[in-house]
Every structure is written in structure tokens, then in C-alpha cells.
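Read top to bottom, the protein sequences are chains A and B.
Counting from 1, position 62 in the first sequence corresponds to residue 62 in full-length UniProt numbering; the numbering is continuous, with no gaps.
Counting from 1, position 271 in the second sequence corresponds to residue 271 in full-length UniProt numbering; the numbering is continuous, with no gaps.
Reading through the C-alpha cells given below for one structure.
2 protein chains.
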Amino acid sequence: MANPLDDVPPTVDDIRKAAETIKPFIYRTPIMTSTSLDEMHGFNFYFKCENFQRTGSFKFRGCMNAVTNVCLNRDTPPILVAFSSGNHAQAVAKTAQLKGLKAHIVMPSYSPAVKINSVKDFGGSVYGCGTLMPEIMSKIEEVKKEQGENAVMIHPYDNPYVMAGQGTVGLEILEQVPNVDAIVVAVSGGGLISGICIAVKSIKPSVKIYAAEPENVGDKYRSFLAKKRIPMESRPKTIADGLTAPIGSLTWPVLQEHLTDVIPVTEEEIISAMYLSWERLKIIVEPSAAAAFAASFKLKHLSSSIGVQNVCVVVCGGNVDLASIPPKPST
Amino acid sequence: MANPLDDVPPTVDDIRKAAETIKPFIYRTPIMTSTSLDEMHGFNFYFKCENFQRTGSFKFRGCMNAVTNVCLNRDTPPILVAFSSGNHAQAVAKTAQLKGLKAHIVMPSYSPAVKINSVKDFGGSVYGCGTLMPEIMSKIEEVKKEQGENAVMIHPYDNPYVMAGQGTVGLEILEQVPNVDAIVVAVSGGGLISGICIAVKSIKPSVKIYAAEPENVGDKYRSFLAKKRIPMESRPKTIADGLTAPIGSLTWPVLQEHLTDVIPVTEEEIISAMYLSWERLKIIVEPSAAAAFAASFKLKHLSSSIGVQNVCVVVCGGNVDLASIPPKPST
């Protein structure tokens with residue numbers, strides 16, 4: 001596999017290797033189904049439950065793969081440094097705990113309290129900072145400098161080992177839902193969806209892959225239409241707090257090559273889909289994951305979905321701040 | 001097996017027969033675990049997820065067994081009549097839908113809207129009535145009379161076929177958690193816990209069985225202390241809307257023989273346990289099921305739990321009216 005400094009996306013073989021590497025640490029998450037949601041929308045839905053993954057999201061896969069490989073390539077134990085408002089932060093802190101390493105996490109001021117507390121519970125050191133990317137990056141540089149030459153930054157998505165770890169979700173989907181013909185995944189920085197694209201398109205190229213994105217974010221939708229990476233202008237405001245990252249430089253080319261479409265979803269659609277998934281599947285789905293549900297409910301209106309019958313929706317996480325969710329909309 | 005009119009509790013063989021009868025219709029629900037809850041309380045917890053059962057609760061098992069047996073013993077198709085504020089109502093309506101039968105359900109005025117709507121979605125006819133038992137019983141007699149001689153009442157718990165169907169949860173627990181040494185189940189009319197007692201105590205008598213009951217209900221706790229069935233004086237007020245039935249005449253002797261203890265839980269403990277289970281297990285647990293979680297968190301304080309290590313908590317249902325849950329308590 002490419003050295004992380006090489007900045008080359010992983011291959012399907014790198015993803016298979018990642019699957020072996022992380023196997024002792026991760027859960028092979030189940031697929032759930034719902035006849036009532038199937039009847040409502042005319043598809044056979046298969047929900048890949050990464051909300052049941054360790055630390056409550058898929059992020060643990062990529063992080064464990066990246067950190068394990070960092071350790072292999074060094075004589076001294078690394079000191080992990082990361083920035084994240086939530087799920088990646090928890091994954092880095094938990095990985096550090098399991099590996100006996102230190103984790104220093106920069107968390108912007110909009111990070112949910114429940115996620116900050118979880119990082120601390122796993123033994124991570126949390127550094128607050130402002131909300132703008134220059135502030136976050138300057139805080140990270142400060143923390144890295146403080147920690148000295150053993151400090152290693154684990155990027156949340158623009159890292160081939162992280163992408164390879166997330167891609168193991170795609171391998172499992174192909175094993176668990178062999179008849180799958182479309183996959184719907186929420187996109188943020190693009191680590192998960194790019195990993196899934198590489199794994200699935202290499203093995204079963206006919207599978208269509210759809211990205212779900214909040215309308216209030218939109219850089220992925222605009223980039224997809226423009227066929228080039230369009231930067232994000234300001235921090236977007238959405239209930240899906242896990243979906244506010246700009247698309248990565250390493251992930252974008254993979255998406256441009258493989259995505260079937262980007263499906264924008266409104267805030268109202270995300271909230272309705274969140275409650276519907278709670279009620280029908282009896283599982284806790286975070287707003288970022290609900291964006292994928294919402295997109296899958298709109299799939300039937302897209303001409304590219306003609307012929308699609310078996311749709312796998314990736315439930316990317318279940319970390320919700322239950323004290324601050326908006327009330328259920330009246331129907 | 002005893003004829004339903006015989007009013008004799010089922011045997012473990014009746015429960016094994018029920019398991020065969022309902023196998024094509026039910027889900028074999030999974031067991032979930034949580035290292036964080038284990039660390040908090042010092043047990044190995046195994047959560048038996050009947051919230052993922054069809055219709056969102058264990059009730060479907062007993063109902064399907066009872067109705068299948070009613071059909072076997074008749075020349076003309078029965079017309080199903082039942083009373084229930086929620087989960088039994090949904091189970092009867094769904095069973096009727098699958099068997100091509102009619103279901104007429106008397107639902108008292110305190111029934112959650114979400115459960116009434118679900119019964120209607122399954123094609124059941126709903127009859128509103130007041131909240132007091134005499135009103136409910138008189139409404140049932142009226143409905144039965146209207147439906148004529150083919151009307152058959154499916155009692156929610158005082159019916160040996162229903163008890164046998166619920167007892168299949170116990171058989172599955174022994175298969176899925178062979179090292180189990182205690183089971184915690186919420187109790188209402190007693191159909192589920194009596195079925196579990198008969199199945200588990202017949203096969204592995206060393207297993208301790210604990211009933212969880214809201215303090216605001218209390219007839220099971222008082223009956224257990226008094227060693228005789230003590231009637232309920234008025235309809236109890238608790239967030240656990242599924243746990244307000246008085247203990248049955250057929251279920252009580254089973255409980256008296258087999259229960260290790262009854263663990264009362266407060267409303268605050270139920271609500272906290274509900275949110276904790278949502279956050280840690282990422283599953284939707286209804287307040288009645290949260291009562292069992294709350295009781296299992298108090299188990300370590302009971303002298304009867306000395307030596308207990310592997311505790312199975314039955315998650316009896318996941319039907320929550322999300323529009324009307326109390327907010328998460330601040331910690």
C-alpha cells in the first residue's frame with residue numbers, strides 16, 4: 001500500500017488488507033430490513049448498521065487502520081493528533097486507548113457536548129478552538145509543536161489508510177447483500193464513500209453509488225455538476241453536524257470517477273427521516289445517517305434508479321445529542 | 001396442550017410446540033451487548049431485542065400461537081376480538097392481516113395515537129372506550145355480541161397459548177446465551193415472564209428470574225411479598241404504558257413459584273434508563289422495556305444476585321410515541 005505521504009487513493013487490495021488489519025478490533029455490523037419502509041418506497045432496503053460500530057460510527061474502521069500502519073512504520077510510539085467535531089474524534093481517542101497511545105484532539109466550539117465527553121471518557125485530551133478552518137489549523141499546529149517529533153496527525157478523510165479502512169464497509173456490503181444494485185451513503189469529507197466506491201466498483205462495477213448531502217452544505221452537489229472540486233465558502237449550518245466538512249483533495253477524484261449522482265436533502269427531510277427510522281427500525285440513527293435515509297426515499301424519482309431494486313443504505317452513525325434534538329414534526 | 005378453556009398454564013413441551021408453530025412468522029431476535037454498560041454495573045449484560053420483533057414487541061409471538069391454534073380447532077374462521085392499549089392490539093391486528101382474518105380491537109382512551117394508527121394500518125377495526133376495567137369489559141361484550149358466534153376473544157396474557165408463545169423468548173435466550181444465570185423481565189399481566197419462567201426453569205432451574213415493575217404500579221411487588229395475588233385498586237399512572245395491567249389469575253401461580261424477586265423502579269429511573277439504552281445500545285427501547293434496564297442496574301444491590309455474572313435483560317418492545325416523550329433528564 002502507498003505510504004500515507006504519497007497521497008494516492010487506496011486500491012481494492014489495500015482495502016482487503018485493511019479488513020484483515022482491523023478485523024480483531026471492529027464489529028462486523030448487521031444488516032437490518034423493514035417491510036414497512038420497503039412497501040412505502042418500492043425498493044428492498046438493506047440498512048448497514050454502522051451506528052452499532054465501536055464508538056457509534058464507521059470512523060473507527062479507518063482510524064484503526066491508519067494508526068496500526070503508523071505504528072508499524074515507526075520505532076517510537078506515535079502521539080496521535082486530530083481535529084474533529086465528533087465521530088472521528090471519538091474514533092481516534094478509542095483507538096489510542098486500545099493501543100496504549102496518547103490522543104490530542106482539537107474540537108471546534110460547535111462540537112456537541114456528548115461527543116466531547118465521550119472523547120474524554122476514552123482518555124483523550126481535548127483542545128477547544130473557534131469554528132473557522134484557519135483557527136482550527138493553527139490550533140493543530142500548536143498542539144503538534146507542543147507534542148514534539150512523535151506527533152502524528154490522523155486526517156479524518158484525506159489519508160489513504162483511513163479511506164481503505166472505511167472501504168471495508170463496502171466489502172461487507174457485497175458479502176452481506178450479494179444482490180445489491182445501489183448504495184446510498186452520506187458524504188462529508190468523502191472518506192467513507194470514496195472507500196466504498198473503490199471496493200464496490202472494483203468487485204461489482206454495475207452497483208450504482210449515490211451520495212446524500214444536505215442542501216445547506218452543497219459543495220459535493222456543485223462539484224459533481226461542475227465536474228471539478230468546488231471549495232466550500234463558509235461553514236454550513238445543518239442539523240447533520242457530521243456532514244459539514246469540505247470534500248477532500250484525495251477523495252474527490254474517486255467520487256468524480258465513480259458516483260452515480262449526488263442527492264441533496266433538506267433539513268426537514270433529514271429530521272423526518274430520522275424519526276421515521278427510529279420508529280420503523282427501532283434503532284438510533286444520527287442526523288448525518290438520516291440524510292442517507294432521506295436521499296434513499298427520493299431515489300425513485302431519479303431516472304438513474306430505473307431497474308434498481310436492492311438498495312443498501314449506510315447508517316453511518318448513531319451518536320445523537322438526545323438533549324438537543326428538534327421535536328418530531330407533526331404529520 | 002391444554003384447551004384454552006382449560007385455564008391451565010402451558011408446559012415446556014407446549015412452549016416447544018409453540019416455537020415450531022410460530023417459527024415461519026416471527027423473527028429470531030438478536031442479542032446485543034455493551035461493554036460500557038457492563039463496566040458501569042459489573043455484569044455481563046445480554047439484551048434480548050424483542051423491540052425488533054414484528055409489530056415492535058414480543059406480543060406477536062403469543063398472539064400468533066393462540067390464533068393459529070384457535071383456527072385449528074374450528075371449522076369456520078374466527079373473528080378476533082381483543083382489548084389492549086397498544087402492543088397486544090398491534091399483534092392481534094397484524095396476526096389477523098397475515099391469516100386473512102378480521103380483528104376488532106377495543107382500545108381505552110389513554111392508548112397512544114401511534115399505537116392506534118398502527119392497528120388501523122394493519123387493517124384492524126378500533127373501538128374507543130373509557131379507561132376503567134368495567135367500561136372496557138362492557139365494550140368488549142358489546143363488540144363480541146355484534147360479531148356473533150364466530151367472535152373469539154384473544155386475552156393478552158391469561159391464555160395458555162399466549163403464555164406458551166411468549167415462553168419461546170425463554171427458549172431462545174437459553175440457546176443464544178447458554179451461560180445465562182439471571183434474566184430480568186418487565187412484568188404487567190405476566191404473560192411474558194410466566195412463559196419465560198416455565199421454559200427456563202424447566203431446562204436450567206439455576207437461572208434466577210427477576211421481575212421489573214414500576215413503583216407506581218406495585219401489585220406484583222405487593223403480591224410477591226404477601227405470597228398471594230393482591231388486586232390492583234385503580235389504574236396506575238406510569239410512563240411505562242405497557243405495564244399497567246393487573247397480574248393474571250393464570251400467570252400469578254407461575255410467578256409465585258418461580259420468581260427470585262420483584263424489583264420496583266421509579267419513573268425517574270425508567271426515563272434515565274431509557275435514554276441511557278438509546279445512547280449506549282443505539283436502539284429504541286420503549287419505557288416498559290426501559291423498566292427492565294432500570295431494574296438490572298439495581299440488581300447488584302440485591303443479596304440474591306451474589307454469584308450472578310451473566311444477566312439477560314429482555315427488551316420487550318420498542319413502540320414509543322416519540323412526539324410525547326419527556327426530555328432527557330440533565331445529569
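Idealized CB from N, CA, C, for every residue including glycine.
CA-to-CA distance, residue j to residue i, given in whole angstroms
| i | j | result |
| --- | --- | --- |
| Ser249 of chain B | Glu213 of chain A | 56 angstroms |
| Ile15 of chain B | Gly167 of chain B | 6 angstroms |
| Ser234 of chain A | Asp219 of chain A | 10 angstroms |
| Met64 of chain B | Glu50 of chain B | 15 angstroms |
| Gln256 of chain B | Ala226 of chain B | 10 angstroms |
| Met133 of chain B | Ala273 of chain B | 30 angstroms |
| Leu98 of chain A | Phe122 of chain A | 9 angstroms |
| Met1 of chain A | Thr35 of chain A | Residue confidence is low: Met1 of chain A scores 42 on pLDDT, short of 50, so the model does not pin down where it sits. Its coordinate-derived value is still stated next. Whole-angstrom Cα-Cα distance: 42 angstroms. |
| Ile116 of chain B | Ser324 of chain B | 15 angstroms |
| Arg61 of chain B | Leu80 of chain B | 16 angstroms |
| Ala91 of chain A | Asn179 of chain B | 32 angstroms |
| Asp13 of chain A | Asp261 of chain A | 26 angstroms |
| Ala211 of chain A | Asp181 of chain A | 15 angstroms |
| Asn3 of chain A | Ala96 of chain A | Note that Asn3 of chain A has pLDDT 48, beneath the 50 cutoff, so the model's placement of it is unreliable and the number below is only indicative. Going by the C-alpha atoms only, they are around 21 angstroms apart. |
| Thr238 of chain A | Ala294 of chain A | 14 angstroms |
| Asp38 of chain A | Lys228 of chain B | 49 angstroms |
Pair within 9 angstroms by beta-carbon distance, residue i and residue j
| i | j | result |
| --- | --- | --- |
| Leu259 of chain A | Ile209 of chain A | yes |
| Gly317 of chain B | Ser288 of chain B | yes |
| Ser84 of chain B | His104 of chain B | no |
| Pro236 of chain B | Tyr275 of chain B | no |
| Thr21 of chain A | Ile198 of chain A | no |
| Asp241 of chain B | Tyr110 of chain B | yes |
| Ala290 of chain B | Ile263 of chain B | no |
| Cys312 of chain B | Tyr46 of chain B | yes |
| Leu174 of chain A | Lys139 of chain A | no |
| His41 of chain A | Leu299 of chain A | yes |
| Ala66 of chain B | Ile154 of chain B | yes |
Which of helix, strand or coil DSSP assigns to residue i
| i | result |
| --- | --- |
| His104 of chain A | strand |
| Thr11 of chain B | coil |
| Ile284 of chain A | coil |
| Tyr161 of chain A | helix |
| Leu132 of chain A | coil |
| Cys71 of chain A | helix |
| Gly307 of chain A | coil |
| Lys48 of chain A | strand |
| Met32 of chain B | strand |
| Phe83 of chain A | strand |
| Glu215 of chain B | coil |
| Met1 of chain A | Unreliable placement is indicated for Met1 of chain A, whose pLDDT of 42 sits below 50; the coordinate value is still reported in the next sentence. Met1 of chain A: coil per DSSP, three-state reduction. |
| Pro253 of chain B | helix |
| Ile263 of chain A | strand |
| Gly124 of chain A | coil |
| Val207 of chain A | coil |
| Gly318 of chain B | coil |
| Ala291 of chain A | helix |
Nonlocal neighbours in the same chain, by C-beta distance under 6 angstroms from residue i, ignoring five residues either side
| i | result |
| --- | --- |
| Arg222 of chain A | Ile230 |
| Gly195 of chain B | Met163, Gln166 and Gly167 |
| Leu78 of chain A | According to the sequence provided, residue 78 of chain A is Pro. The question's Leu does not apply to it. Contacts found: Val70, Asn150 and Val152. |
| Gln176 of chain A | Ile31 |
| Gly56 of chain A | Gly317, Gly318 and Asn319 |
Classification of residue i by the beta-carbon crowding that lies within 10 angstroms, buried from 16 upward
| i | result |
| --- | --- |
| Glu268 of chain A | exposed |
| Arg74 of chain B | exposed |
| Val106 of chain A | buried |
| Ala113 of chain A | exposed |
| Lys94 of chain B | buried |
| His301 of chain B | exposed |
| Asn69 of chain A | buried |
| Glu279 of chain A | buried |
| Ser188 of chain A | buried |
| Ser305 of chain A | buried |
| Lys145 of chain B | exposed |
| Val315 of chain A | buried |
| Pro246 of chain B | buried |
| Val207 of chain A | buried |
Same chain only: Cβ atoms within 7 angstroms of residue i, ignoring 5 sequence neighbours per side
| i | result |
| --- | --- |
| Glu135 of chain A | Cys129 |
| Thr266 of chain A | Glu215 |
Cutoff 8 angstroms; reference residue i; Cβ partners in own chain excluding five residues on either side
| i | result |
| --- | --- |
| Val143 of chain B | Val81, His104, Val106, Tyr127 and Ala151 |
| Leu5 of chain B | At Leu5 of chain B, the pLDDT of 46 sits below 50, so the modelled position is not reliable and the matter cannot be decided from this model. |
| Gly100 of chain A | Pro77 |
Any C-beta of chain C under 9 angstroms from that of residue i
| i | result |
| --- | --- |
| Ser303 of chain B | Given the protein chain composition of this structure (A and B), no chain C is represented. |
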